[in-house]
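Chemist: Below: one structure in structure tokens.
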Amino acid sequence: MAAAPQQDFDTVVMKFGGSSVADADKIKNVAQRMVAMRERGMRVVGTVSAMGKTTDGLIALANEVSATPAGREMDMLLSTGERISCALVAMAINDLGYEAVSLTGSQAGIETDAAHTKAKITNIRADRVVAALDEGKIVLVAGFQGVSPETKDVTTLGRGGSDATAVALAAALGAACEIYSDVAGVYSADPRIVPEARKQPRISYDEMLEMSASGAKVLMLRSVELARNHGVRVHARSTFSDEEGTWIGEEGMEDAIISGVTHNEKEVVFTLTGIPDRPGAAATVFDAVAKHGVNVDTILQNVVHGVAELSFSVPTEDVPAARAAIEDAQAELGEMTVEEDHDLGKVSLIGAGMRSHPGIAAKMFRTLADLDINLRMIATSPIKVSCMVKKSEVPTAVQALHAAFELEREPAEEEAVRG
Ligand code: ADP
Ligand code: ASP
Ligand code: MG
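Mapping the sequence shown onto the working numbering, position 305 (from 1) lands on 347, and the numbers just tick up by one.
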């Protein structure tokens, strides 16, 4: 049996994702893990996602019923998934002889802004959770949801949002944070694409932010932001074993140059041509984009013969909002040609060690060139290099980069080989 998470905590938030609660047996397993933690003297708050692919199913259903479902109604619908799993886990815990109570996000005091389907947690009034813990109960909080104090409506936090629920609860309760999933931690690449990927013992907030932002869905981006902002150390680990997972905190692996290669196939690239080449044109486009709540990732601008061409990538779910934003921009800037490319994916290399090791980008581009993979867009940060390539080439690119940078090896082993 694994040790309690950390000596100095008496409360732990244990979050289990959709695949961990996909059926009745798995729900019983999760209940057992929470009870085992309770039996070691910890106060336990459980946060669970909707069962299996429930959320995908509900979204598909909404889209069958309506081409433009209202955000408020989407959140009424989607928040039910987590209520179901939460209540079921509470029942299973009761059967094991422990008292449990399930709460919706709203009942648990999770307050958010009013941005439906991508709300941000603004505050947690944890008194009800604390009172139930004081009564010796295991408290189940439905993940991925909250309530806007302004509109009094139920909100959801965006895909993968139960991770954010868990981290925010841990921050509010001064608790340890354990995020359990079908992988045993954060790996050097998605183990589904690179089976020899290596589990990282530690990873820094900055690296994890870049990894999550560029597609490593093992932790939702917003949950990592919350963890960094509130100094919550997150332990990402396996639902199905007791092995040590990955610790996300201030410190990463000092010896590692690259901590991972990530990929994202759920982005669409918009290209606007014929934009007037004058100050403020890009600002007009991105003001409109921001007003429609679109999360823009990579941006590329080119000016040829006095006319600007602007490309930017957005998550697939933001495509309708991006289209509306571009219409608004055209009203101000005049007609332009708008193209959408749905056939691109992004491959990124992330590592704090890049700061002190020049040549990483060159080696990345060479590796992809040797495979005849064409780069459509490139974006960099001090600790990341991203390339947009054809979607069908993404798995090959990820595998090739993982091999070229020898990410399956221990950093120390790498040093020894070099030395
Ligand atoms: P949950 O349903 O428990 O929230 P997710 O499906 O959101 O779990 O996240 C876990 C998945 O993330 C894994 O199954 C894995 O395929 C994927 N993944 C992508 N990149 C990585 C990575 N670098 N390390 C670990 N898992 C990753
Ligand atoms: N059920 C939600 C989703 O599928 C939230 C989560 O799993 O964290 O995105
Ligand atoms: Mg997830």
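Just so you know, even glycine gets a beta-carbon here, dropped at the ideal spot from N, CA and C. Fair warning: this is a prediction, and the values are worked out from it, not measured in the lab.
In terms of alpha-carbon separation, which member of Met262, Gly188, Leu182 lies closest to Met250?
Modeler: The residue you call residue 250 lines up with position 208 of the sequence shown. Checked all of Met262, Gly188, Leu182; the closest Cα to Met250 is Met262.
Chemist: Take Gln187 as the anchor and find which of Glu220, Leu410, Glu153, Glu285 has the nearest alpha-carbon.
Modeler: Taking the sequence shown and counting its residues from 1, one reaches residue 187 at position 145. Nearest of Glu220, Leu410, Glu153, Glu285 to Gln187, Cα basis: Glu153.
Chemist: Pull up the distance between the alpha-carbon of Ala332 and that of Ala421, whole angstroms please.
Modeler: Position 290 of the sequence shown, counted from the start, is the residue given in the question as residue 332. Position 379 of the sequence shown, counted from the start, is the residue given in the question as residue 421. Linking Ala332 to Ala421 through their CA atoms gives a straight-line distance of about 20 Å.
Chemist: I'd like to confirm the pairing. Which residues does DSSP put opposite Lys388 in its beta bridges?
Modeler: Along the sequence shown, one-based indexing puts residue 388 at 346. DSSP output for Lys388 lists Asn306, Met430 as bridge partner(s).
Chemist: Note the first and the last residue of the continuous beta strand (DSSP E) segment covering Tyr222.
Modeler: As a working mapping, residue 222 is identified with position 180 in the sequence shown. It spans 218–223 - the beta strand (DSSP E) in which Tyr222 sits, taken as one unbroken run.
Chemist: Based on the DSSP secondary-structure assignment, which residues constitute the bridge partners of Phe58?
Modeler: If you number the sequence shown from 1, residue 58 lands on position 16. In the DSSP output, where bridge partners are listed per residue, Phe58 has Val90, Tyr222.
Chemist: By the DSSP assignment, the alpha helix (DSSP H) with Phe354 in it spans what residues?
Modeler: What you label residue 354 is simply residue 312 of the sequence shown in a count that begins at 1. Annotation for Phe354: no alpha helix (DSSP H) segment contains it, though the beta strand (DSSP E) segment containing it runs 349–357.
Chemist: Measuring only the C-alpha atoms, how far is Leu449 from Phe407?
Modeler: For this step, residue 449 is matched to residue 407 along the sequence shown. For this step, residue 407 is matched to residue 365 along the sequence shown. The straight-line gap from Cα to Cα measures roughly 17 Å.
Chemist: Check whether the Cβ atoms of Val310 and Thr358 sit closer than 7 Å, and answer yes or no.
Modeler: As a first step, residue 310 is located in the sequence shown; it is residue number 268 there, counting from the start. As a first step, residue 358 is located in the sequence shown; it is residue number 316 there, counting from the start. Yes, they are a contact pair.
Chemist: To the nearest whole angstrom, what separates the beta carbons of Asn306 and Gly257, a pair I think is in contact under 8 Å?
Modeler: For the purposes of this step, residue 306 is taken as the residue at position 264 of the sequence shown. For the purposes of this step, residue 257 is taken as the residue at position 215 of the sequence shown. Right, the Cβ-Cβ distance comes to about 3 Å (below 8 Å), so this counts as a contact.
Chemist: Buried or exposed: Val349, going by 16 or more other Cβ atoms within 10 Å of its Cβ?
Modeler: As a working note, residue 349 is residue 307 in the sequence shown. Exposed, by the Cβ-count rule.
Chemist: Would you list the one or two residues that DSSP bridges to Glu382?
Modeler: Within the sequence shown, the letter at position 340 stands for residue 382. Per DSSP, Phe312.
Chemist: Between the C-alpha atoms of His272 and Gly185, what's the straight-line distance to the nearest angstrom?
Modeler: Counting from 1 along the sequence shown, the entry for residue 272 is found at position 230. Counting from 1 along the sequence shown, the entry for residue 185 is found at position 143. Linking His272 to Gly185 through their CA atoms gives a straight-line distance of about 19 Å.
Chemist: Starting from Arg5, follow the alpha helix (DSSP H) in both directions and report where the run begins and ends.
Modeler: This structure leaves residue 5 out entirely; the chain is present only between 43 and 461.
Chemist: Confirm, please, whether the CB-CB distance from Leu268 to Val55 is below 7 Å.
Modeler: Translated into positions along the sequence shown, residue 55 becomes position 13. Translated into positions along the sequence shown, residue 268 becomes position 226. Cβ atoms of Val55 and Leu268: not closer than 7 Å.
Chemist: Could you give the first and the last residue of the continuous alpha helix (DSSP H) run that contains Gly147?
Modeler: Working through the sequence shown from its first residue, we reach residue 147 at position 105. No alpha helix (DSSP H) contains Gly147, which DSSP labels as neither H nor E.
Chemist: Would you check whether ligand 1 has a heavy atom nearer than 6 Å to the C-beta of Tyr247?
Modeler: Start at 1 with the first residue of the sequence shown, and residue 247 comes out as number 205. Incorrect: Tyr247 has no Cβ contact closer than 6 Å to ligand 1.
Chemist: Looking at His334 and Ala366, is the spacing between their C-beta atoms short of 7 Å?
Modeler: Numbered from its first residue, the sequence shown carries residue 366 at position 324. Numbered from its first residue, the sequence shown carries residue 334 at position 292. Cβ distance < 7 Å, so Ala366 and His334 count as in contact.
Chemist: Let me confirm a value: Asp117 is counted as buried when at least 16 other C-beta atoms fall within 10 Å, else exposed. Which label applies?
Modeler: For the purposes of this step, residue 117 is taken as the residue at position 75 of the sequence shown. Per the 10 Å Cβ criterion, buried.
Chemist: For Ala142, which of Ala206, Ser108, Arg85 has the nearest alpha-carbon?
Modeler: In the sequence shown, the residue the question calls residue 142 occupies position 100. Selection Ala206, Ser108, Arg85 evaluated against Ala142 yields Arg85 as nearest (Cα-Cα).
Chemist: Less than 6 Å between the CB of Ala92 and some heavy atom of ligand 1, yes or no?
Modeler: Taking the first residue of the sequence shown as position 1, residue 92 is located at position 50. No - ligand 1 has no heavy atom lying nearer than 6 Å to the Cβ of Ala92.
Chemist: According to DSSP, which residues form a beta bridge with Pro318?
Modeler: As a position in the sequence shown, residue 318 is number 276, starting the count at 1. DSSP output for Pro318 lists Val349 as bridge partner(s).
Chemist: Is His444 buried or exposed, if buried means 16 or more other CB atoms sit within 10 Å of its CB?
Modeler: Reading the sequence shown from its first residue, position 402 is the one you call residue 444. His444 comes out buried.
Chemist: Return helix, strand or coil for Gln441, following the three-state DSSP convention.
Modeler: Working through the sequence shown from its first residue, we reach residue 441 at position 399. The answer is helix: DSSP assigns Gln441 an H, G or I state.
Chemist: Tell me whether Ser204, by its Cβ, gets closer than 6 Å to a heavy atom of ligand 2.
Modeler: If you number the sequence shown from 1, residue 204 lands on position 162. Yes, ligand 2 has a heavy atom inside 6 Å of this Cβ.
Chemist: Which partner residues does Thr197 have in the DSSP bridge list?
Modeler: By 1-based counting over the sequence shown, the position of residue 197 is 155. Per DSSP, Gly188.
Chemist: Helix, strand or coil for Ser127? Go by DSSP, reduced to three states.
Modeler: In the sequence shown, counting from the first residue as 1, residue 127 sits at position 85. Ser127: helix per DSSP, three-state reduction.
Chemist: Using the beta-carbon count (16 or more within 10 Å), is Ser434 buried or exposed?
Modeler: By one-based count along the sequence shown, residue 434 stands at place 392. That one is exposed.
Chemist: What does a CB cutoff of less than 7 Å around Arg451 pick up in its chain, not counting 5 residues either side in sequence?
Modeler: Here residue 451 refers to the residue found at position 409 when the sequence shown is read from its first residue. So the list is empty, once near-sequence residues are dropped.
Chemist: Count the other C-beta atoms from every protein chain shown that fall within 10 angstroms of the C-beta of Thr146, then say buried if there are 16 or more, exposed otherwise.
Modeler: Working through the sequence shown from its first residue, we reach residue 146 at position 104. Buried.
Chemist: Does the beta carbon of Phe58 fall short of 6 Å from some heavy atom of ligand 2?
Modeler: Here the question's residue 58 lines up with position 16 in the sequence shown. No, the beta carbon of Phe58 sits no closer than 6 Å to any heavy atom of ligand 2.
Chemist: Determine, using beta carbons only, whether Ala132 and Ser144 come nearer to each other than 7 Å.
Modeler: Along the sequence shown, read from residue 1 onward, the residue named residue 132 stands at position 90. Along the sequence shown, read from residue 1 onward, the residue named residue 144 stands at position 102. Closer than 7 Å, so yes.
Chemist: Can you tell me whether Gly322 is buried or exposed, with buried defined as 16 or more other CB within 10 angstroms of its CB?
Modeler: Counted from its first residue, the sequence shown places residue 322 at position 280. Looking at its Cβ environment, which holds fewer than 16 other Cβ atoms inside 10 Å, Gly322 is exposed.
Chemist: Can you tell me where the alpha helix (DSSP H) holding Met406 begins and where it ends?
Modeler: Within the sequence shown, the letter at position 364 stands for residue 406. Per DSSP, Met406 belongs to the alpha helix (DSSP H) from 402–412.
Chemist: Does the beta carbon of Phe407 fall short of 6 Å from some heavy atom of ligand 2?
Modeler: As a first step, residue 407 must be located in the sequence shown, where it is residue number 365. Every heavy atom of ligand 2 is 6 Å or more from the Cβ of Phe407, so no.
Chemist: According to DSSP, simplified to helix, strand and coil, what is Ala46?
Modeler: Translated into positions along the sequence shown, residue 46 becomes position 4. Unreliable placement is indicated for Ala46, whose pLDDT of 47 sits below 50; no coordinate value is reported for it.
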